[in-house]
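Student:
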Amino acid sequence: MFARFKPTWLLESIYELTPAELRKNGIKVILTDLDNTLIAWNNPDGTPELKRWLEVMQEEAIPVIVVSNNSKKRVAKAVAPLQLAFIARALKPFSYGIEEAKKRFKLKNTEVVLVGDQLVTDIAAANAAGIKSILVKPIIETDAWNTKINRFFERIIKKNLVKNKVISSTWGHSLDD
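Using the working numbering, read the sequence shown as starting at 16 and increasing by one per residue.
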């Protein structure tokens with residue numbers, strides 16, 4: 016029952032992803048959630064760490080594309096200073112937004128990964144789309160009101176996945192952890 020929530024990898028932060036690790040795993044493009052994955056939900060400006068990480072990905076020709084359930088207006092405003100492509104109203108946990116990104120950017124399942132902070136939306140959507148996924152620790156401990164419901168169910172799911180040794184109880188620092 017909980018298999019659809021199993022991430023391929025667990026990482027402390029999206030910023031720990033390196034071009035070398037991505038290439039080693041055949042990944043050419045990063046699809047990422049926005050809030051609490053790429054930026055804190057309540058800090059749309061991002062951090063210097065984010066900007067450095069994005070510069071490295073750009074220098075290494077690894078596109079980063081935001082796939083968010085937020086409105087087009089909200090996502091466009093958040094990613095404008097970062098100059099990132101995006102898919103809004105992605106309808107995660109369904110695969111709609113991921114499929115749209117794959118179609119628009121001509122991506123194969125094997126060369127893309129979705130990074131997100133939620134099992135019940137991001138990881139479920141990646142699994143529904145047949146792509147690899149990375150669950151990251153949320154950037155901050157607080158959530159927008161609409162995410163708090165997901166977190167309740169996520170705690171139950173994660174506890175089951177850890178108990179059944181499907182995932183680790185600790186966050187990794189590389190894709191090899």
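Where a beta carbon is used, it is the ideal one built from N, C-alpha and C, also for glycine. Since we're looking at a predicted model, the values are computed, not measured.
1. So what does DSSP say about L49, is it helix, strand or coil?
2. State buried or exposed for N179, treating a residue as buried only when at least 16 other CB atoms are found within 10 Å of its CB.
3. Tell me, which residues are paired with L25 by DSSP?
4. Quick check: the Cα distance between E190 and R89, rounded to an integer number of angstroms?
5. I'd like the list of long-range same chain contacts for N175, defined as Cβ closer than 7 angstroms, with 5 residues on each side in sequence excluded.
6. For a minimum of 4 consecutive residues, which ranges assigned as the alpha helix (DSSP H) are wholly contained in the segment 105 to 147?
7. Nearest to L65 by alpha carbon, out of R170, D192, K117 and Q98?
8. Nearest CA to the CA of E126: which residue from L134, F109 and A144?
9. How many angstroms separate the CA atom of K173 from the CA atom of L134?
10. Looking at C-beta atoms only, is the number of pairs between the segment 146 to 155 and the segment 74 to 94 that lie closer than 8 angstroms three or more?
11. Expressed to the nearest angstrom, what Euclidean distance is found between the alpha-carbon atoms of L49 and L129?
12. If you drop the 5 nearest sequence neighbours on each side, which residues of the same chain put their C-beta closer than 7 angstroms to that of A196?
Tutor: Here's the rundown:
1. Under the three-state reduction of DSSP output, L49 falls in the coil class, being neither helix nor strand.
2. Using a 10 angstroms sphere on the CB of N179, the tally of other CB atoms stays under 16, which defines it as exposed.
3. Among the bridge pairs identified by DSSP, L25 is matched with L150.
4. According to the sequence shown, residue 190 is Leu rather than Glu. If I take the Cα positions, the gap works out to 31 angstroms.
5. Exclusion of the five residues before and after N175 leaves F17 as the residues of its chain whose Cβ lies within less than 7 angstroms of its Cβ.
6. Listed in chain order, they are 111 to 119 and 139 to 144.
7. The shortest Cα separation from L65 among R170, D192, K117 and Q98 belongs to Q98.
8. Of the listed residues, the one whose Cα sits closest to E126 is A144.
9. So the alpha carbons of these two residues sit roughly 8 angstroms apart.
10. Segment contact: the segment 146 to 155 against the segment 74 to 94, fewer than three CB-CB distances shorter than 8 angstroms; contact not assigned.
11. Take the alpha-carbon of L49 and the one of L129: they are about 11 angstroms apart.
12. Residue 196 is absent from the model: the chain starts at 16 and stops at 192.
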